[in-house]
Structure formats: structure tokens, C-alpha cells
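*Asks:* In this note's numbering, each number is its position in the sequence shown, counted from 1, plus 47.
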Amino acid sequence: MSLPAPVSIPFPDISSLLGQLIKNSDSHTTLISLCGAGGKTSTLFWLAEYFHQQGKKVLITTTTRMFLPSPSHYRELIIEADPVRQLTRCQQLPDGPALVALFSHIEQASGKVAGPTPQQLDLIKGQQRFDIILVEADGAHHKLLKVPALHEPCIPGSSDWVIALVGGAMVGAKADPAQIHRWAELQALCGIAPGEPLDWPLFDRLLSHPDGVFKGTPARARRIWFINGDYQNEASWQPPLINLLARHPELHTIWQGAVREPQAIRHAIALIPGEPV
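1. Does the CB of D178 have a neighbour CB from chain C at under 8 Å?
2. Am I right that A184 and P200 are in contact with their C-beta atoms under 8 Å? What's the rounded C-beta distance?
3. Does the pairing of the stretch 250 to 268 with the stretch 185 to 196 give three or more beta-carbon distances under 8 Å?
4. Given a threshold of 16 other Cβ atoms within 10 Å of its Cβ, counted over all protein chains shown, does D207 qualify as buried or as exposed?
5. Quick one: give me the first and last residue of the beta strand (DSSP E) that P57 is part of.
6. Short of 7 Å in beta carbon distance, which residues of its chain neighbour L68, apart from the five on each side in sequence? Order them along the chain.
7. Quick check: what's the CA-CA separation for E127 versus F150?
8. Going straight from the alpha carbon of A311 to that of A305, what length do you get?
9. Between the Cα of S283 and those of W247, F92 and M113, spot the shortest distance and give me the residue it belongs to.
10. Can we count V182 as close to the ligand ZN, meaning its CB is less than 7 Å from some heavy atom?
11. For the beta strand (DSSP E) containing L140, list its first residue and its last residue.
12. Excluding five sequence neighbours on each side, which residues of the same chain lie with their C-beta closer than 6 Å to the C-beta of P265?
13. To the nearest angstrom, report how far apart A161 and L245 are at their CA atoms.
14. What are the start and end residues of the beta strand (DSSP E) that includes Q174?
15. Return helix, strand or coil for A187, following the three-state DSSP convention.
16. Check whether the Cβ atoms of G214 and G86 sit closer than 8 Å, and answer yes or no.
17. Report the residue ranges of all alpha helix (DSSP H) runs contained in full by the stretch 236 to 309; include only those spanning at least 4 residues, in chain order.
18. Relative to the alpha-carbon of F58, which residue among L254, P309 and I319 has its alpha-carbon at the smallest distance?
19. What are the residues that DSSP puts in a beta bridge with M217?
20. My guess is that L233 and W272 are in contact by the Cβ rule of under 8 Å, so how many angstroms apart are they, rounded?
21. Skipping 5 residues on each side, what residues in its chain have a beta carbon closer than 8 Å to that of E96?
22. Which one or two residues does DSSP pair with C82 in a beta bridge?
23. Cβ atoms of L191 and L91: under 8 Å apart, would you say?
24. From the DSSP secondary-structure annotation, give me the bridge partner or partners of K104.
25. Go ahead and pull the three-state DSSP assignment for V324.
26. Put I202 into one of helix, strand or coil per three-state DSSP.
27. Could you tell me the alpha carbon to alpha carbon distance between P165 and I274, rounded to whole angstroms?
28. Whose CA, out of K70, D142, D60 and F250, lies closest to the CA of A222?
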């Protein structure tokens with residue numbers, strides 16, 4: 048009996064790659080949550096702009112805190128604290144392509160915006176008024192690697208996809224507590240000491256452990272691991288990434304790239320059914 052074989056697809060066609068995200072949803076609306084560290088906000092904006100350009104009706108928001116996006120990242124802004132009025136405002140939006148940012152309030156001290164709760168976003172998804180809902184469901188204090196604390200991340204239960212990010216500069220680097228968000232949690236999970244390498248076995252554990260990078264992911268949601276900010280190690284990383292995906296069939300895909308570059312995804316490691324491993 049043959050099992051799916053992981054393969055690396057260099058410079059994948061973006062329309063095919065991202066088109067998968069809006070297929071096989073259990074409803075008209077696809078909800079994608081982003082967690083981890085190393086470019087969640089940039090990835091959210093990249094996905095939002097791509098799908099908007101494809102004629103989709105897109106909502107961007109957060110279940111934690113984020114800086115208020117600049118007007119270039121949305122076409123309509125809704126700031127509404129009352130959950131019922133949030134639903135009403137979304138329901139009243141006209142049909143057709145849109146790029147809407149929704150938040151509950153602005154924190155004057157920090158300048159950050161807070162978003163709806165995960166449960167509220169489940170209700171907004173149920174309205175079926177958007178094609179795509181993109182949610183920044185985690186915070187990382189601008190670090191490139193994170194292990195969630197007890198109260199994190201804040202992933203809506205109706206998420207169809209969860210994209211967990213790590214900064215590419217962390218892979219193979221020496222562990223520096225100043226560069227890692229929730230250092231104590233990483234130590235407890237992996238038993239690592241400062242100065243030890245952040246090697247592939249460590250990331251293997253972070254992917255598989257229930258309190259690792261995909262903590263709180265709904266059972267039905269598909270998982271993508273995105274090594275973001277890397278375009279220097281393409282050749283040397285392909286064998287370990289293929290081996291990693293073979294050990295983690297719960298992952299749909301591993302993305303490798305740099306979301307701020309013109310070609311955001313430079314390699315996609317995926318399982319090809321019917322080929323021997």
C-alpha cells in the first residue's frame with residue numbers, strides 16, 4: 048500500500064496555491080486564522096489584497112490586538128464595540144468585491160485596535176456575507192519565534208485553515224531568549240538552553256506537541272506551516288522539510304518564502320497522493 052509522498056514544488060503558481068484555501072469549505076465563507084510569529088500581519092495583508100483583487104469580499108480582523116492598519120490595507124473600516132451592531136454592520140454591507148477591516152475599539156494608550164472574540168467571528172462567518180475572513184489570532188511582540196502561553200492563541204472554532212508562522216532567520220540559529228516570545232514556554236516544551244541550536248528536531252516537536260505552534264487549532268481545520276522571511280536556504284532545506292512533512296501528515300502544506308518579496312512563496316512542500324514515500 049502506497050502512502051502520499053511529500054514533494055517540493057519550486058515557485059508554485061500562486062493562483063493554484065491560494066485557490067486551495069477557498070475550496071472544500073463547509074460553507075460559502077472561508078475563515079483563515081494566522082498564529083505564531085515572524086510576519087502574521089504582513090501575511091494577512093498579502094492574502095487580503097490577493098483575494099480582493101480576485102473579486103472576493105474580504106474581511107480582516109484580529110482576536111487579540113494589532114496596530115490599526117493604514118487605509119491602503121482596506122477599503123472600508125468598521126469600528127464597533129457592540130457585538131449585535133457588529134453583526135448588523137456586516138449584514139448591511141453591499142454585495143460585490145470588498146476589503147473590510149473590522150475592530151471593536153481603539154486603545155488610546157497603545158494605538159492598537161482590539162477585535163471581536165473568536166465566538167463573535169464564528170457568528171459573523173455564519174452570516175455568509177464574506178467570501179474570506181482573515182484573522183490575526185495571536186501576538187508575538189515582533190519576535191520571530193513564539194510558543195503560546197496558556198491563554199493563547201485565540202483561534203475561532205469555525206476556522207477552515209490555520210497558518211502558523213515562524214521567521215526563517217530562527218531556523219538553525221542559536222536560541223536567544225531576547226529573540227523568542229514566551230521563552231519560558233519554549234524551555235518547558237523542548238528543554239532547550241540559551242545558545243543551543245534551533246534545529247529540525249526542535250521544530251518537529253513544536254509541530255507535533257498539542258501546546259506547540261498549532262495549539263488550539265480546531266480538529267477540522269487544515270494546517271499550513273509557513274517559514275517566512277527565508278530565501279537564502281532553499282536548496283539545503285528541501286530534504287529536511289520533505290522529511291518533516293512525511294512525519295506530519297496532519298499538515299496540508301509547508302510554505303517557504305518571504306511574503307514581502309514579489310514571489311512570496313518560493314517553495315511549497317505538499318503531499319502527492321498515490322506515490323510511495
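C-beta: ideal position from N, C-alpha, C; glycine also.
All figures in this text were calculated on a predicted structure; none of them were measured in a lab.
*Replies:* This is what the structure gives:
1. The structure shown contains no chain C; it is built from a single protein chain.
2. That belief holds up - the Cβ atoms of A184 and P200 are roughly 5 Å apart, short of 8 Å.
3. Judged by pairs of C-beta atoms under 8 Å, the stretch 250 to 268 touches the stretch 185 to 196, as three or more such pairs exist.
4. D207 should be labelled buried.
5. Under the DSSP assignment, P57 falls in the beta strand (DSSP E) whose first and last residues are A52 to P57.
6. So the qualifying residues of the chain are T77, I79 and W208.
7. Between E127 and F150, the C-alpha separation is close to 6 Å.
8. Approximately 5 Å between the Cα atoms of the pair.
9. When only C-alpha atoms are compared, the closest one is W247.
10. With respect to the ligand ZN, the structure shown offers nothing to examine, as it has no ligands at all.
11. Careful: L140 lies outside any beta strand (DSSP E) and carries neither H nor E.
12. G204 and S206, listed in sequence order.
13. Annotation: A161 to L245 spans about 32 Å, alpha carbon to alpha carbon.
14. From DSSP, Q174 is part of no beta strand (DSSP E) but of the alpha helix (DSSP H) over P165 to Q174.
15. A187 falls in the coil class under three-state DSSP.
16. Yes, the Cβ-Cβ distance between G214 and G86 is below 8 Å.
17. List check, alpha helix (DSSP H) in window: 247 to 255 and 281 to 294.
18. Checking every option, the nearest Cα to that of F58 belongs to P309.
19. Answer is none; M217 lacks a bridge partner.
20. Not quite, the Cβ-Cβ distance comes to about 17 Å (not below 8 Å), so this is no contact.
21. These residues qualify, in order along the chain: H120 and L146.
22. In the DSSP output, where bridge partners are listed per residue, C82 has A211.
23. Contact flag unset, no.
24. Per DSSP, A145.
25. Caution applies to V324, whose pLDDT of 34 falls short of 50 and renders its modelled position unreliable; the model cannot decide the point.
26. In the structure shown, I202 sits in coil (DSSP, three-state: anything other than H, G, I, E or B).
27. Distance between the alpha carbons of P165 and I274: 25 Å.
28. Closest by alpha carbon: F250.
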